[in-house]
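J.: Using my numbering, read the sequence shown as starting at 60 and increasing by one per residue.
Note that the Cβ used here is the ideal one computed from N, Cα and C, for glycine as well.
The structure follows.
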Amino acid sequence: CLIEKKGRTSLLILVLLASLNRETSGGIPLLLLVNSYFFAASPDERRKNVVTAIWALIIYLSTQSAMRLYFIPQDLLAPYGISIGTEMLKYNFTRYVTFKNLALTLGPFPILAYLGFRYLHSALRVFGVVVTPVWLIIHAYCSILAESRLMLVPFLCFFLPASLVWWHRTSPDYRLSVSQLEKEVARG
Numbered sequence: 060c061l062i063e064k065k066g067r068t069s070l071l072i073l074v075l076l077a078s079l080n081r082e083t084s085g086g087i088p089l090l091l092l093v094n095s096y097f098f099a100a101s102p103d104e105r106r107k108n109v110v111t112a113i114w115a116l117i118i119y120l121s122t123q124s125a126m127r128l129y130f131i132p133q134d135l136l137a138p139y140g141i142s143i144g145t146e147m148l149k150y151n152f153t154r155y156v157t158f159k160n161l162a163l164t165l166g167p168f169p170i171l172a173y174l175g176f177r178y179l180h181s182a183l184r185v186f187g188v189v190v191t192p193v194w195l196i197i198h199a200y201c202s203i204l205a206e207s208r209l210m211l212v213p214f215l216c217f218f219l220p221a222s223l224v225w226w227h228r229t230s231p232d233y234r235l236s237v238s239q240l241e242k243e244v245a246r247g
């Protein structure tokens with residue numbers, strides 16, 4: 060949304076501040092690149108967005124590198140002694156509790172979100188196509204999915220808003236208001 064409002068400087072500041080807090084903020088420049096590729100209004104806007112994304116990536120990498128140099132190296136703590144990688148994938152996908160907790164946390168919202176995908180704003184589509192699958196893959200590989208709180212980011216940022224858009228667009232009230240508008244337009 061910052062880019063759509065021509066806030067490229069704001070985005071660069073956001074990347075700097077976010078990279079001090081979370082490694083996942085490295086996805087911001089990637090989101091900008093994907094958004095530019097699919098949804099840029101003009102070649103000039105696409106070029107500006109790519110340049111901004113490159114600067115954002117430089118800021119992110121510089122900040123992360125400086126923090127790694129400043130702070131002493133930390134040992135990786137694997138949950139329950141399970142090593143990250145294929146062992147974690149096996150752990151996640153062979154346990155009933157993982158699927159139960161994900162179903163209880165996400166409910167029907169992932170299905171509803173993808174049913175309403177065509178109605179979504181471009182930024183929400185990019186989040187759904189890029190961030191959500193990457194988020195799921197990384198967390199399945201590196202963390203315990205039964206701790207379903209890890210899925211709250213895609214839930215709150217994509218599944219819930221997209222489901223609400225689908226609900227609104229498919230509700231009888233929406234269809235009624237559209238048909239009333241069509242009648243008014245036909246009357247001239």
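When the Cβ atoms of the segment 98-106 are set against those of the segment 196-215, are three or more pairs found closer than 8 Å?
T.: Flag = no, the segment 98-106 and the segment 196-215 do not touch.
J.: When the distance is taken between beta carbons, is Pro-88 closer than 9 Å to Ala-112?
T.: yes
J.: Give me the residue from Pro-167, Val-224, Glu-82, Leu-71 with the minimum Cα distance to Gly-175.
T.: Val-224
J.: Whole angstroms is fine: what's the gap from Arg-150's alpha carbon to Asp-232's?
T.: Strictly speaking, residue 150 in this sequence is Tyr, with Arg absent from that position. So the alpha carbons of these two residues sit roughly 46 Å apart.
J.: Would you call the segment 77-96 and the segment 107-123 touching, i.e. three or more CB-CB distances under 8 Å?
T.: yes
J.: Do the CB positions of Gly-86 and Val-190 come within less than 9 Å of each other?
T.: yes
J.: Would Pro-167 and Leu-195 qualify as a contact pair, given that the criterion is a beta-carbon distance under 9 Å?
T.: no
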